[in-house]
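Residue numbers (full-length UniProt numbering): 1 to 318. We put the CB at the ideal spot given by N, CA and C, even for glycine. What you are looking at is a predicted structure, and each value in this text was computed from that prediction instead of being measured. Remarks on the structure that follows.
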């Protein structure tokens, strides 16, 4: 039905209402596209600023990496198909991470990475790359970064862990500029407990480290030294607010570290759903090691068990 000014009545009002709703949808869609474009502009500007560029190309704005995976010719494996008794090739590649565990240090990031590797649809980089918070590495390019990732099969996702990213505000923009679809996992714990844990780690590695009450207090002001990076790592709201200004909330999954420690199955099941992985984790994948005081893993295919290193789960000062 056409809407004309002279057509008065319920039908005309209904028609005008539909037109108003259509106009509102168009406005919302336009604003959404503008927001994504402006976010991409900012991410590109930050990336170029990080590299020291004073200009940028409009054609690069919003264009994430076109091929997030690089096929390795040497990784073609001959496998035997038991059903058809034929041999076939299984192609492997190195991919930009589908998921990055970006913080916070001393909150269980290593445990989540180890737990994730139990899943047959996950491959993970074992050591931290810190690509997006290191200018020297970043200048090598995203292609170099992808080469640092483990080989994966088409059905697998790649995960990497670099908890220093959380405190690096421009890292959010750099990751978004590279791949806006990347999912992020963040672990949080009581900031004071986290600080104590970090101090204990430093005390094990640093000779002559002063007592914690001296280490954490500014000698001039006699208050907490907020210039200490270990202290500022616990300013969760300040750091997280920046990440949420770049990535949509549905792409960031937060894990409560204390619950991960006592109930890893519950937390990893939630991670599984967040990453759109098929259900896999079961009670038998985790067992409590009373001598270590935390949960370790048991791989189903081999029955082999594994616990985190001796530096994990250390006793804290009181």
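Check                                                                                                                                               : Outcome
So, helix, strand or coil for residue 256, using DSSP?                                                                                              : strand
How many whole angstroms separate the CB atoms of residue 237 and residue 187, which I take to be in contact at a CB cut-off of 8 Å?                : Actually they do not touch by this definition, with Cβ atoms about 16 Å apart.
Does the beta-carbon distance from residue 275 to residue 267 come in below 8 Å?                                                                    : no
If you count every other CB in all the chains shown that lies within 10 Å of the CB of residue 293, and 16 or more means buried, which is it?       : exposed
With a threshold of 16 other CB atoms inside 10 Å of the CB of residue 72, please say whether the residue is buried or exposed.                     : exposed
In angstroms, rounded to a whole number, what distance separates the CA positions of residue 160 and residue 224?                                   : 33 Å
First and last residue of the beta strand (DSSP E) that includes residue 69?                                                                        : 69–71
Does the separation of the CB atoms of residue 99 and residue 152 fall below 8 Å?                                                                   : no
With residue 158 and residue 149 assumed to form a contact (beta carbons below 8 Å), what rounded beta-carbon distance in angstroms separates them? : 5 Å
Across which residues does DSSP place residue 185 in a beta bridge pair?                                                                            : 101 and 253
Less than 6 Å between C-beta atoms, sequence neighbours within five positions excluded: which residues of the same chain meet that for residue 169? : 242
What are the boundary residues of the beta strand (DSSP E) that residue 286 is part of?                                                             : 286–289
Using a beta-carbon distance below 8 Å, is residue 94 in contact with chain B?                                                                      : Any reference to chain B falls outside this structure, which holds one protein chain only.
Hey, would you say residue 185 sits closer than 8 Å to residue 262, going by beta carbons?                                                          : no
Could you check the C-alpha separation between residue 300 and residue 285 for me, to the nearest Å?                                                : 7 Å
Look at the Cβ atom of residue 179, then the Cβ atom of residue 68, and state whether they are nearer than 8 Å.                                     : yes
Of the choices 97, 283, 166 and 131, whose alpha-carbon is the least far from that of residue 106?                                                  : 166
Rounded to the nearest angstrom, how far is the Cβ of residue 254 from that of residue 163, given a contact under 8 Å?                              : That pair is no contact at about 14 Å.
Given residue 108, which residues of its chain have a CB within under 8 Å of its CB, disregarding the five upstream and five downstream residues?   : 187, 189, 255, 257, 260 and 261
Would residue 277 pass as a contact of residue 119 if the rule is Cβ separation under 8 Å?                                                          : yes
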